[in-house]
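First up is the structure itself, then whatever we jot down about it.
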Amino acid sequence: MNPTIRLVLGDQLNPLHSWYTTTSKNITYVFIECKEEASYAPHHIQKVVGIFTSMRDFAQRLRDQGHQVWYHHILDSTAAELSSILYSACQEIGSSSVVCQEPDEYRVKQYLQKLNSTTLHLSFESSEHFISSPSEFQEMFKGKKSFLMETFYRKLRKRTGLLMDGKEPHGGKWNLDHQNRKKLPKNHLLPPVYLPITDVTEVYRDVQQAGLRTIGTLQDPKQFYWPTNTDQAWEVFDHWLNHKFGLFGDFQDAMTVKDWALYHSRISFALNTKMIDPLEVCRRAENKYRSDPSIALNAAEGFIRQILGWREFMRSVYWTSMPDFASVNYFNHKSDLPDWFWTGKTKMKCQEHTITQSLQYGYAHHIQRLMVTGNFALLAGIDPDQVDQWYLGIYVDAFEWVEITNTRGMSQYADGGKIATKPYVASANYMNKMGDYCTNCSYDHKTKTETNSCPLNTLYWDFFDRNRSKLDTNFRLGMVYRTYDKMGPELKDQIRKRAHYVHEHLNEL
């Protein structure tokens, strides 16, 4: 019998996949660490080390279960391309038949399809991970010019039964987003972060020796704090359910310089590498809510909405809109990303803290990504191609299918409103309302035309001024333009002059 190769990619570490229910000497699981996949973007060192460590752990577990495994470590050969290493695996194993789980990235799917030839037969099977399918999404939004997450979310709530009482949403309302916007009280004590500890020294040395181009830091390879297997991932999640879930709803959008994790679960890396199942995650959250009176509904609904709603929604938007989505640039933004996005060395406290934290931990929560760094990039007119590269590289949980839809769609409004109903931009007033960044900042968060005015204030009004022809018919922005129109010509001129200076000196902010 002709042996079969099953290729397992670094974001396909799903222990529940039906592939692994039985063992066979005629089936070999192939894992490939290669420079090509580790270098298509300037990835965070913790992301590369985390994926390689998780792959090695998963492969060893398959061996322990009796499966045949062929593994290529990053230093096993000088070959850089996945294709050449895969061909070597085929020759060693004596097979020309390769079965793959459906890749989540368009780039990878196209790459693998091109390998399908007379000498190598590739086929694809489901990854058995996601709750919904792109076809379900396409049927729902057939003929529509824009996609509304709320419509999609409600359908999945009904289908899965999550937070439902019969045919009605539990509690009477579908969405409690308005209850997720509290600022941390001044003397609020945050519970400590639970960190699984893994010694990744060997993998870290391999990555360094391979000369892979990475960003960010890994302070102590003996204490790697991202889950690298399913057991660790569930430990992190269960600890969060018991110690932080209760206040997640209130402080989901809060920001502070005092802590990097706040009340967030930090399971996104494990989810996006498929170590844990999203539906099981949602069910555990609902079960905890229904069995523990201390857990508020805004916590349960807010958390489930992020996974059942936004995560599933963005995946379907991605597969419905690619490859064109990767080049949309509604505002024709062309400015370069400031150098300090790669160092955190800026006088803007909100940007400095969020970027420094991202470089240190490979993590920032969704509001930091959307309303701090993303907000600045949009207001400053940064080229979305460069914004994409930054987001794709700096976060440990960033894979294109979930990164680019959030970046170009939600964050940069580069799709012209296909995903978001308005640009998500804000002045320093929002930063001050939701966090403590404005305290001890070099800039004045209350002014907009002075030499020390917060750049966000100046750029905010400049953004709406220069993009009026594209935005003034948006009903959600009516109040913004009414406020702007009440400003006198002298103030508007001062804003434009200050904005011109800011645009010309982005690297010096």
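Position one of the sequence shown corresponds to residue 86 (the working numbering), numbered consecutively onward.
Built from N, CA and C at the ideal position, the CB exists for glycine as well.
Model, not experiment: these values are computed from the prediction.
Own chain, CB closer than 6 angstroms to Q474, minus 5 neighbours either side, in chain order: The beta carbon of Q474 lies closer than 6 angstroms to those of A126 in the same chain, with the five residues before and after it left out.
- request: Give the single residue among P281, K268, L171 and G466 whose Cα lies nearest to the Cα of W325.
  value: When each option's Cα is compared against that of W325, the closest is P281.
message: Extract the residue ranges of the alpha helix (DSSP H) inside the segment 336–396, only unbroken runs of 4 or more that lie entirely within it.
response: Listed in chain order, they are 353–357, 363–376 and 382–389.
- prompt: Three or more beta-carbon pairs under 8 angstroms between the segment 116–125 and the segment 294–301, yes or no?
  reply: Yes, the segment 116–125 touches the segment 294–301.
message: Using C-beta distances below 8 angstroms, list every residue in its chain close to Q223, excluding the 5 sequence neighbours before and after it, in chain order.
response: Listed in chain order, the non-local C-beta contacts of Q223 below 8 angstroms within the same chain comprise S401 and T405, local neighbours out to five positions each way being set aside.
message: Going by DSSP, what residue range makes up the beta strand (DSSP E) through W311?
response: Note, W311: premise wrong, no beta strand (DSSP E); not H, not E.
- prompt: Should K230 be labelled buried (16 or more other beta-carbon atoms within 10 Å of its own) or exposed?
  reply: By the neighbour-count rule (16 or more Cβ atoms within 10 Å), K230 is not buried but exposed.
query: Cβ of F560 versus every heavy atom of the ligand FAD: is any distance shorter than 6 angstroms?
result: For the structure depicted, the ligand FAD is absent and the ligand set is empty, with no information on it obtainable.
query: What is the DSSP secondary structure of W475, reduced to helix, strand or coil?
result: Three-state result, W475: helix.
message: Excluding the 5 residues flanking H418 on each side, which residues of the same chain have their C-beta closer than 7 angstroms to its C-beta?
response: Excluding sequence neighbours, H418 sits near G466, I467, D468 and P469.
- request: Leaving out five residues on either side along the sequence, give the residues of the same chain with a beta carbon under 8 angstroms from the beta carbon of H328.
  value: So the list reads P276 and Y279, once near-sequence residues are dropped.
Inter-residue spacing [alpha-carbon to alpha-carbon] between Q445 and N542: If I take the Cα positions, the gap works out to 28 angstroms.
task: Could you check what DSSP says for M407 in three-state terms: helix, strand or coil?
output: In the structure shown, M407 sits in coil (DSSP, three-state: anything other than H, G, I, E or B).
field: Given 8 angstroms, three or more beta-carbon pairs between the segment 520–537 and the segment 484–499
entry: The segment 520–537, when compared against the segment 484–499, does not touch it at the 8 angstroms Cβ threshold.
query: Can you list, in chain order, the residues of its chain whose CB lies under 8 angstroms from that of L207, leaving out five sequence neighbours each side?
result: Exclusion of the five residues before and after L207 leaves V183, V184, C185, L197, Q198, L200 and N201 as the residues of its chain whose Cβ lies within less than 8 angstroms of its Cβ.
- prompt: Going along the chain, which unbroken runs of the alpha helix (DSSP H) with 4 or more residues stay wholly within the segment 279–330?
  reply: Restricted to the segment 279–330, the alpha helix (DSSP H) segments that are unbroken, complete and at least 4 residues in length are 286–294 and 315–328, listed in chain order.
message: Suppose contacts are defined by Cβ-Cβ distances below 7 angstroms. Is T534 in contact with I479 by that definition?
response: Taking 7 angstroms as the Cβ cut-off, T534 and I479 do not qualify as a contacting pair.
- prompt: Can you tell me whether T188 is buried or exposed, with buried defined as 16 or more other CB within 10 angstroms of its CB?
  reply: Looking at the sequence shown, residue 188 is not Thr but Pro. Result: buried.
message: Less than 6 angstroms between C-beta atoms, sequence neighbours within five positions excluded: which residues of the same chain meet that for K596?
response: This structure leaves residue 596 out entirely; the chain is present only between 86 and 594.
- prompt: Residues in its own chain within less than 6 angstroms of V93 by CB, not counting five upstream and five downstream?
  reply: Non-local C-beta neighbours of V93 in its own chain, meaning closer than 6 angstroms and more than five positions away in sequence, comprise Y114 and F116, ordered along the chain.
- prompt: What is the DSSP secondary structure of E589, counted as helix, strand or coil?
  reply: E589: helix per DSSP, three-state reduction.
task: Could you pull out every residue in the same chain whose Cβ sits closer than 7 angstroms to the Cβ of T89, ignoring the five residues on either side in sequence?
output: The beta carbon of T89 sits closer than 7 angstroms to the beta carbons of N111, I112, S180, S182 and V184 from its chain, once the five residues preceding and following it are set aside; these are given in chain order.
- prompt: Just reading off the beta strand (DSSP E) that L207 is part of, what are its end residues?
  reply: Per DSSP, the continuous beta strand (DSSP E) segment holding L207 begins and ends at H206 to E210.
message: Give me the DSSP bridge partner(s) of L92.
response: In DSSP, L92 forms a bridge with V115 and C185.
- request: Pick out whichever of K373, C367 and P378 has its Cα sitting closest to the Cα of E397.
  value: For E397, the closest of K373, C367 and P378 by C-alpha to C-alpha distance is C367.
- prompt: What is the DSSP secondary structure of P469, reduced to helix, strand or coil?
  reply: In the structure shown, P469 falls within a helical segment according to DSSP collapsed to helix, strand and coil.
message: I need the boundaries of the beta strand (DSSP E) containing Q153, first residue and last residue.
response: Segment Q153 to H157, the beta strand (DSSP E) holding Q153.
- request: Let me know if Y348 comes out buried or exposed under the rule of 16 or more other beta-carbons within 10 Å of its beta-carbon.
  value: In summary, Y348 is buried, with 16 or more beta-carbon neighbours lying within 10 Å of its beta-carbon over all protein chains present.
DSSP three-state assignment for H273, whether helix, strand or coil: Taken through DSSP and simplified to helix, strand or coil, H273 comes out as coil.
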